[in-house]
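Chains as they are written, first to last, in the working numbering: chain A, 1 to 336; chain B, 1001 to 1336.
C-beta atoms are modelled at their ideal positions from N, C-alpha and C, and glycine is treated no differently.
There are 2 protein chains.
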Amino acid sequence: MNTIKDVAREAGVSVATVSYVVNGTKKVSAEVEARVLEAAQKLNYRPNAAARSLRKSEARILGYELPLPETGDISSFMQRFAYGLTTHAAEAGYHIISFAAVGEDVVQTYRQMILAGRVDGFIVAGTNWHDDRIQFLVKQGFPFVSFGRTAIENPYSYVDVDGYDGLQQVIAHLLELGHENIAFVGWPKDSFSGDSREQGYIDALDSVGLAAQAVERSSNTIEGGYSAARKLITNHPEITAIACVSDVIAIGAVRYLSRHGYHVGQDIVVTGFDDIPLSQYVTPPLTTVTQPLDEVVFQLIDVLTHKIEEDSSYTSQTLLKPTLVIRDSTIGVSNL
Amino acid sequence: MNTIKDVAREAGVSVATVSYVVNGTKKVSAEVEARVLEAAQKLNYRPNAAARSLRKSEARILGYELPLPETGDISSFMQRFAYGLTTHAAEAGYHIISFAAVGEDVVQTYRQMILAGRVDGFIVAGTNWHDDRIQFLVKQGFPFVSFGRTAIENPYSYVDVDGYDGLQQVIAHLLELGHENIAFVGWPKDSFSGDSREQGYIDALDSVGLAAQAVERSSNTIEGGYSAARKLITNHPEITAIACVSDVIAIGAVRYLSRHGYHVGQDIVVTGFDDIPLSQYVTPPLTTVTQPLDEVVFQLIDVLTHKIEEDSSYTSQTLLKPTLVIRDSTIGVSNL
DNA sequence: TTGAAAGCGGTACCAG
DNA sequence: CTGGTACCGCTTTCAA
């Protein structure tokens, strides 16, 4: 591994000069520049990251806490999310260090990475209402952006997808199809995104004078959706549509209905949310709502790097609109 | 951010002494040690990672190239893989830097990270027959372990799951159930793991005097499995079992068969490989082969850290046995 | 336009 | 057992 000294010697200049041309930080005569470049090339020179970090007090690394993979997870959204983060970060000149929050004190992991100067900022995903990590980072004044909102008052930067709007779109679609008895399957009451999707459902019905009387809750599993559908059908036989908070739950609901003689898409319709890969392969393919993943990731990195490099007080709150994807589960013509 | 100097001042000792107690590298009197620890605690001290890296020429970071998420990917294996890597790496005192190989020259990314001293080693996944990355790393003599084998001759460390053995188990199970006309759906001929699973199928049949005459190939998609099943049924109406190289393909095959009047698990049986979460939710649940993910990840980190810390010439090649998981797609009783 | 040298925060050798 | 200090590789100020 050649150092800046080797390059300087090879090019017959000082280390300062090499630094200038490598970083483009100072004007250097064309002739000298060429010589340095050639020497650097020849010696396969790359500035040592640690030395540079130490000197400039910047790691050029972003921290990202991997969400705990849920057993039976059928999505792959977070995988694409992580991939998108790394590619966009790379374009901005950053690497991503991923870490897993160990047991007890999640915040402790964040604190140590900050104290060690390991990272210049964090991307925080999987936020919950009163997110400890966000409270901590806000208090520390350490750069971060979250994917998803929380109930925390202090201003901080986030990028989120408007689940409220997503469900408004879903309900508008169902109303247009003539449905009036529309049920909803939500998550347990604890997540910001779950609750705002539900609110979108409630308000959309309310705005046309319909009531949201049939609501079930379920964990984000196929089994959960299955039994939620059972309860709805049993307790509210009048319903003709079930809007679900997620595709996974919707798939469970469709399964229950199909097994019990309903032709989903005709007798009764079902919608999901997320547009997971599987949603187009189930029978019938699922009407759902898709999140602008690439835009989310781009914004996340853009906001964070701006905060780090330009203006540490920069705060940006972005709400992106999701898109309704209509498939056979709401407009099924024939369901074999 | 307090430095070692601050701690030294606070404790009334030299920086050397602080370093000794923080790292436990030299004996220090109990009284001094206590004082230093207290000061460090009080000042919230954490050694600066860059400074330490620079001095010790070690990054305590491992590089991991994220596989490109395939559209329509239904698994989530690689997500759990990445999570497992991070947690095990953390236990060994390493962070994981993930990166995505940009377009043209994949190897270039590896080279630059090495030259910059960013990482102490690599975990290479998604290997192919003549993997450029592995050839490069072997030539460089840079520490790495791969998940998966290749055709490369030079010795290098890997951890892999024995797909050959997995298919032997599958076929043994099918033979036991009385099947004699067993087809196989493989991947296009290019992956080591695909080919060795296929060889397991061939040899298992061969060893009992049966021929492997019905083989189709398909990309790793549901659609691929669907049409592969169609071809098999059309060209080889005598078959009573289809062993697939992956769950995704198996799910496609099951779908074709179910749609065409077959009761999978009774009229005809199907097996997969990987035990993706979805495989237990399809109808009928899939008999498949599960990989010892946690053991894989543990070995990977263990071998790599050993190579980095103890003995750079250490080479270890581990082949782990997968486990057959029997579900209704081979022993279905009722397939409502 | 170029270079000498200080210093980022640690580690570890060597002396006491 | 404790401490002074050189040095890891780079950036950047200041002077020439």
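CB contact check: residue i to chain B, cutoff 8 Å
{"i": "A:Arg-118", "result": "yes"}
{"i": "A:Leu-137", "result": "no"}
{"i": "A:Gln-108", "result": "no"}
{"i": "A:Ala-51", "result": "yes"}
{"i": "A:Asp-167", "result": "The displayed chain sequence assigns Leu, not Asp, to residue 167 of chain A. No, no contact with chain B."}
{"i": "A:Ser-329", "result": "no"}
{"i": "A:Gln-266", "result": "no"}
{"i": "A:Gln-140", "result": "no"}
{"i": "A:Ala-59", "result": "yes"}
{"i": "A:Pro-143", "result": "no"}
{"i": "A:Leu-177", "result": "no"}
{"i": "A:Arg-133", "result": "no"}
Residue i at chain A interface by Cβ criterion, 8 Å
{"i": "B:Tyr-1083", "result": "yes"}
{"i": "B:Leu-1257", "result": "no"}
{"i": "B:Asp-1073", "result": "yes"}
{"i": "B:Ser-1076", "result": "yes"}
{"i": "B:Gln-1317", "result": "no"}
{"i": "B:Leu-1062", "result": "no"}
{"i": "B:Pro-1155", "result": "no"}
{"i": "B:Thr-1323", "result": "no"}
{"i": "B:Leu-1066", "result": "yes"}
{"i": "B:Leu-1174", "result": "no"}
{"i": "B:Leu-1320", "result": "no"}
{"i": "B:Arg-1080", "result": "yes"}
{"i": "B:Pro-1188", "result": "no"}
{"i": "B:Ser-1334", "result": "Caution applies to B:Ser-1334, whose pLDDT of 49 falls short of 50 and renders its modelled position unreliable; the value that the coordinates give is listed next. It does not; no Cβ of chain A falls within 8 Å."}
Where residue i falls: helix, strand or coil (DSSP)
{"i": "B:Ala-1243", "result": "strand"}
{"i": "B:Phe-1273", "result": "coil"}
{"i": "A:Val-264", "result": "strand"}
{"i": "B:Glu-1176", "result": "helix"}
{"i": "B:Ser-1003", "result": "The question names Ser, but residue 1003 of chain B in the sequence shown is Thr. In this structure, B:Thr-1003 counts as coil in the three-state DSSP scheme."}
{"i": "B:Tyr-1281", "result": "coil"}
{"i": "B:His-1306", "result": "helix"}
{"i": "B:Ser-1014", "result": "coil"}
{"i": "A:Asp-190", "result": "coil"}
{"i": "B:Asp-1311", "result": "coil"}
{"i": "A:Glu-198", "result": "helix"}
{"i": "B:Asn-1335", "result": "With a pLDDT of 38 at B:Asn-1335, under the threshold of 50, the predicted position of this residue should be treated as unreliable, though the coordinate-derived value follows. B:Asn-1335 falls in the coil class under three-state DSSP."}
{"i": "B:Gly-1166", "result": "helix"}
{"i": "A:Glu-295", "result": "helix"}
{"i": "B:Lys-1027", "result": "coil"}
{"i": "B:Glu-1238", "result": "coil"}
{"i": "B:Ala-1250", "result": "helix"}
{"i": "A:Ile-341", "result": "One cannot answer for residue 341 of chain A here, as it falls past the ends of chain A, which runs 1 to 336."}
{"i": "B:Glu-1223", "result": "helix"}
{"i": "B:Ala-1151", "result": "coil"}
{"i": "A:Val-337", "result": "Because chain A spans 1 through 336 in this model, residue 337 of chain A falls outside it and cannot be assessed."}
{"i": "A:Ala-228", "result": "helix"}
{"i": "B:Asp-1131", "result": "coil"}
Beta-ladder partner(s) of residue i, from DSSP
{"i": "A:Gly-121", "result": "A:Leu-62"}
{"i": "B:Ser-1146", "result": "B:Val-1124, B:Tyr-1158"}
{"i": "B:Glu-1216", "result": "B:Val-1185"}
{"i": "B:Gln-1337", "result": "Any answer about residue 1337 of chain B is impossible in this case: the structure gives chain B only from 1001 up to 1336."}
{"i": "A:Val-289", "result": "A:Leu-324"}
The region 1281-1312 of chain B: which residues have C-beta closer than 7 Å to a C-beta of chain A, in chain order? Tyr-1281
- prompt: When Cβ atoms are compared, which residues of the region 1085-1104 of chain B fall closer than 8 Å to chain A?
  reply: Thr-1086, Thr-1087, Ala-1090, His-1095, Ile-1096, Ile-1097, Ser-1098, Phe-1099, Ala-1100, Val-1102
Check: the region 1037-1048 of chain B: which residues have C-beta closer than 7 Å to a C-beta of chain A, in chain order?
Finding: Asn-1044, Arg-1046, Pro-1047, Asn-1048
Practice item. Any chance you could list the beta strand (DSSP E) runs of at least 3 consecutive residues sitting entirely within the region 31-111 of chain A, in chain order? Key: 61-65, 95-99
Compile a chain-ordered list of the residues in the region 195-222 of chain A whose CB is closer than 7 Å to at least one CB of chain B.
Ile-222
Which residues, taken in chain order from the region 6-39 of chain A, show a beta carbon closer than 9 Å to some beta carbon of chain B?
-> none
* Selection of the region 1221-1244 of chain B by Cβ proximity to chain A, strictly under 8 Å -> Ile-1222
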